[in-house]
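Colleague: Position 163, counted from 1, in the sequence shown is what my numbering calls 169; the numbers after and before it change by one each time, with no gaps.
This is the structure I have questions about; it appears just below.
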Amino acid sequence: MTREKELLALHESIRNCTLCPLHKTRTQAVPGEGPVHARIMFIGEAPGVQEDATGRPFVGRSGELLTEMIESIGLTRERVFITSVLKSRPPNNRTPTQSEIEACRPYIDRQIELIDPRIVVLLGGVAISSIVGPWKVSDSHGDYFEAKGRIFFMTYHPAAALRFPKAKALMKSDFEVLRSLLV
Ligand code: SF4
Numbered sequence: 007m008t009r010e011k012e013l014l015a016l017h018e019s020i021r022n023c024t025l026c027p028l029h030k031t032r033t034q035a036v037p038g039e040g041p042v043h044a045r046i047m048f049i050g051e052a053p054g055v056q057e058d059a060t061g062r063p064f065v066g067r068s069g070e071l072l073t074e075m076i077e078s079i080g081l082t083r084e085r086v087f088i089t090s091v092l093k094s095r096p097p098n099n100r101t102p103t104q105s106e107i108e109a110c111r112p113y114i115d116r117q118i119e120l121i122d123p124r125i126v127v128l129l130g131g132v133a134i135s136s137i138v139g140p141w142k143v144s145d146s147h148g149d150y151f152e153a154k155g156r157i158f159f160m161t162y163h164p165a166a167a168l169r170f171p172k173a174k175a176l177m178k179s180d181f182e183v184l185r186s187l188l189v
């Protein structure tokens, strides 16, 4: 099976997934979108209300800001893969529980494996702590490390940047560091 077909099959499994209680309250799961050969992958926390309604990642106000930031470093949404740690929306956008994160974890692991990006951008504390380690975004943003031939880059979640002007300014400067890694 080609990588593309495997990714499509994985996304179909995600859409039908009932592994954690979030399947009962979601409208639909949101697997993520972007090219299977993307060099950069952005990982957020979980779908919000608009993502849950449309089935697409980062389409609300956070998505607009993320798109703006992506374009500010010379990329386009069409060239990157965008997804989140959790594929189903937690009710009222509450923080995901550890057991939900663990139930959903194989999907993000497999997406990273199949897409095989050079750079994985972790947006916010939940993405950072779920994928790489128990670091606070306030301590680790703008920082990165290499593992298994990839760069893991940490920054704020756009939703935090929308709430706090300081986080937005820090996220912008983090993206300048990210730009320097694109060469
Ligand atoms: S959040 Fe993940 S594990 Fe839970 S139902 Fe959705 S896809 Fe399945």
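Yeah, the Cβ is synthetic: ideal placement off N, Cα and C, and Gly gets one too.
Keep in mind the model is a prediction, meaning the values are calculated, not measured.
Assuming residue 164 and residue 13 make a contact with CB atoms under 8 Å, what is their CB distance in whole Å?
Modeller: So it is not a contact: roughly 24 Å between Cβ atoms.
Colleague: Near residue 107, what residues of its chain come up, given a Cβ to Cβ distance below 8 Å and the 5 sequence neighbours on each side ignored?
Modeller: 91, 92, 132 and 136
Colleague: Residue 138 and residue 170 look like a contact to me (Cβ under 8 Å); what is the Cβ gap, rounded to whole Å?
Modeller: The Cβ separation is near 23 Å, so there is no contact.
Colleague: Regarding residue 120 and ligand 1, is the C-beta to nearest heavy atom distance less than 7 Å?
Modeller: In this structure, residue 120 has its beta carbon at no less than 7 Å from each heavy atom of ligand 1.
Colleague: For the alpha helix (DSSP H) containing residue 162, name the first residue and the last one.
Modeller: Looking at the DSSP string, residue 162 is not in any alpha helix (DSSP H), and its letter there is neither H nor E.
Colleague: Taking only runs of the beta strand (DSSP E) that begin and end inside the stretch 84-143, which ones reach a length of at least 3 residues, in chain order?
Modeller: 87-90 and 125-129
Colleague: In chain order, what residues have a CB nearer than 7 Å to some heavy atom of ligand 2?
Modeller: As presented, the structure is devoid of ligand 2, carrying ligand 1 as its sole ligands.
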